[in-house]
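Residue numbers (our numbering): 33 to 589. Okay, structure first, notes after.
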Ligand SMILES: Cc1cc2nc3c(=O)[nH]c(=O)nc-3n(C[C@H](O)[C@H](O)[C@H](O)COP(=O)(O)OP(=O)(O)OC[C@H]3O[C@@H](n4cnc5c(N)ncnc54)[C@H](O)[C@@H]3O)c2cc1C
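Encoded structure:
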């Protein structure tokens, strides 16, 4: 059998090696337009920033090594130009020679990936403007920085690749600005959580330019003339410009050959087959079904690409295993913070027609009595009534990767918030607590599901400020440092003696710093007949989410 694979990275390489492991007699050809194949482009940020010292660490195996061990016909510097489905043949061109020739296939696997959204800004072709995706980009960026006097960098884009670029360039000691056209960065996250990520960037000296449209990129010879100018905005210092805009699937050739595309990607079934049964497509260039139904977000990720390459070959070799759907999950380092998302944010779930319930908790990453404990923030969205998990977002300094993975397994197993309450997880004071953050998240969500808790968000509070009584149950000293405008201070331990100051006819919103004392106050008041809401995420989230209400300070009157 002639198997031809186009694309020598995550999806294509996984397919090629799987094919050889399953069929010693197949003739396997791997086409790659670039010079480097079989490298980890997820490692590019660490290599640019010098965390990984040698680039060759990113290359899993050389072309010669692959030929020797796996007997794969490797064709680097070779570009796919066209597909003629009817003849089972493709047109190839030498990237350096421009020579063309035809190659026949029995099965064709496309793994061409995605490329950054085009940015039609004058100056974009300048010598100091780079993409941030391939080994070549990595070398170009490093050569430029070592050969020029660079103090500042502009990163264009606001998604996770942009966050990774920040980390990498920060390691060069550059002053970094992010320019993006939306009202905030990190659109994958809910606005309040994204605000916390933005705060971390700003705290570390990154300048953010939101709602910004680039007018021109200038490469002057003088230091102060290398700038990016913004429409109706300032000039941003830019010795170096990195294009880290969202990725868009590479589908031109697939489309021209009549392969069906939808929502920007090549449409495939659960076996990664296109509308031509002998052509498969995998990885960033595809549109697959999502694990959470009715969602169609495109989130290009390495794990999915690699798995899909394997599954395409399994189908070809008649041992079909269906793809279970795209999870859409990643974690990302932002200075000392780790941010992680699993599935869609609450905002996006609502946009696609879900009516999720959700809770936000702040809990220590490990036992409070063991040194260096840090608080992590977790948000869980779930189906009302059934309590089935829909998505999660986490921010923290340590242990975020562990919790997001536990939640991912739980979500993929169809678990509910009640399952999370009862989940057995390892506990030792250095790494966790007797009630792990995942258990706590399940318990708070379970309270909401069972009707033992009602919450209100900071955004909802903005609309209700006039009519509602807002009670801050923290100590007077903490209250004086900052509180929700209009709040009355009734410390938790004096609540039962101060009931006279509360009007039973009006709703009461209670809050504490992270929500736990607020919940205690909630339980007391609700059992006494008050209509009560606990502020989701407590004052911590309120003060960090960028609420329009602002923060009041001063002692209680
Ligand atoms: C900076 C960065 C960091 C990332 N970090 C993470 C991470 O931490 N975790 C994660 O899950 N994902 C991460 N990703 C995403 C991940 O790298 C991609 O999802 C994954 O590489 C997709 O694999 P793929 O095989 O579909 O496409 P690609 O890796 O893009 O490979 C496609 C290949 O096809 C080749 N090609 C394209 N067109 C042709 C043609 N006409 N002829 C011949 N060859 C062609 C390209 O040259 C390329 O080598 C990161 C991406 C970037 C850019």
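Even for Gly, the Cβ is constructed at its ideal location relative to N, Cα and C. These numbers were taken from a predicted model, which means no experiment stands behind them.
Exposure of residue i, with buried meaning 16 or more beta-carbon neighbours within 10 Å
{"i": "residue 411", "result": "buried"}
{"i": "residue 404", "result": "exposed"}
{"i": "residue 511", "result": "buried"}
{"i": "residue 651", "result": "The requested residue 651 is not part of the displayed model; the chain covers only 33 to 589."}
{"i": "residue 305", "result": "buried"}
{"i": "residue 196", "result": "buried"}
{"i": "residue 496", "result": "exposed"}
{"i": "residue 525", "result": "exposed"}
{"i": "residue 346", "result": "buried"}
{"i": "residue 205", "result": "exposed"}
{"i": "residue 509", "result": "exposed"}
{"i": "residue 417", "result": "exposed"}
{"i": "residue 466", "result": "exposed"}
Heavy atom of ligand 1 within 7 Å of residue i beta-carbon
{"i": "residue 164", "result": "yes"}
{"i": "residue 317", "result": "yes"}
{"i": "residue 287", "result": "no"}
{"i": "residue 482", "result": "no"}
{"i": "residue 275", "result": "no"}
{"i": "residue 144", "result": "yes"}
{"i": "residue 272", "result": "no"}
{"i": "residue 298", "result": "no"}
{"i": "residue 65", "result": "yes"}
{"i": "residue 196", "result": "yes"}
{"i": "residue 42", "result": "yes"}
{"i": "residue 282", "result": "yes"}
{"i": "residue 193", "result": "yes"}
{"i": "residue 111", "result": "yes"}
{"i": "residue 38", "result": "yes"}
{"i": "residue 334", "result": "yes"}
{"i": "residue 362", "result": "yes"}
{"i": "residue 512", "result": "no"}
{"i": "residue 47", "result": "no"}
{"i": "residue 337", "result": "yes"}
Residue closest to residue i, alpha-carbon to alpha-carbon, out of the options
{"i": "residue 441", "options": "454, 421 and 428", "result": "421"}
{"i": "residue 313", "options": "322, 182, 331 and 342", "result": "342"}
{"i": "residue 330", "options": "577, 288 and 280", "result": "280"}
{"i": "residue 113", "options": "557, 150, 396 and 282", "result": "282"}
{"i": "residue 209", "options": "553, 234 and 192", "result": "234"}
{"i": "residue 321", "options": "307, 332 and 302", "result": "302"}
{"i": "residue 362", "options": "431, 376 and 372", "result": "372"}
{"i": "residue 501", "options": "525, 531 and 95", "result": "531"}
{"i": "residue 126", "options": "109, 119 and 459", "result": "109"}
{"i": "residue 324", "options": "169, 375, 296 and 300", "result": "375"}
{"i": "residue 98", "options": "396, 382 and 52", "result": "52"}
{"i": "residue 574", "options": "468, 514, 432 and 561", "result": "514"}
{"i": "residue 474", "options": "494, 449 and 395", "result": "449"}
{"i": "residue 55", "options": "270, 435 and 348", "result": "348"}
{"i": "residue 333", "options": "145, 94 and 457", "result": "145"}
{"i": "residue 428", "options": "178, 457, 469 and 401", "result": "469"}
{"i": "residue 249", "options": "297, 272 and 143", "result": "272"}
DSSP beta-bridge partners of residue i
{"i": "residue 389", "result": "414"}
{"i": "residue 38", "result": "63 and 142"}
{"i": "residue 110", "result": "126"}
{"i": "residue 428", "result": "370"}
{"i": "residue 16", "result": "Absent from the structure is residue 16, since the part of the chain shown begins at 33 and ends at 589."}
{"i": "residue 565", "result": "541"}
{"i": "residue 469", "result": "Bridge partners of residue 469: none, in fact."}
{"i": "residue 322", "result": "358"}
{"i": "residue 421", "result": "414"}
{"i": "residue 148", "result": "279"}
{"i": "residue 50", "result": "Its beta-bridge partners do not exist; DSSP assigns none."}
{"i": "residue 136", "result": "121"}
{"i": "residue 162", "result": "274"}
* **4-residue-minimum alpha helix (DSSP H) runs that sit fully inside the stretch 488-538, ordered along the chain** => Complete alpha helix (DSSP H) runs here, min 4: 490-496 and 508-513.
* **Segments assigned beta strand (DSSP E), at least 3 residues, entirely inside the stretch 232-312** => Complete beta strand (DSSP E) runs here, min 3: 239-241, 246-250, 259-262, 267-269, 272-275, 279-281 and 297-299.
* **Length at least 3, wholly inside the stretch 356-402: the beta strand (DSSP E) runs in chain order** => Taking only runs of at least 3 residues, the beta strand (DSSP E) segments lying wholly in the stretch 356-402 are 361-366, 369-374 and 389-396.
* To do: Counting only runs of 4+ residues fully inside the stretch 173-244, write out the alpha helix (DSSP H) ranges in chain order.
  => 192-202 and 223-235, all fully within the stretch 173-244.
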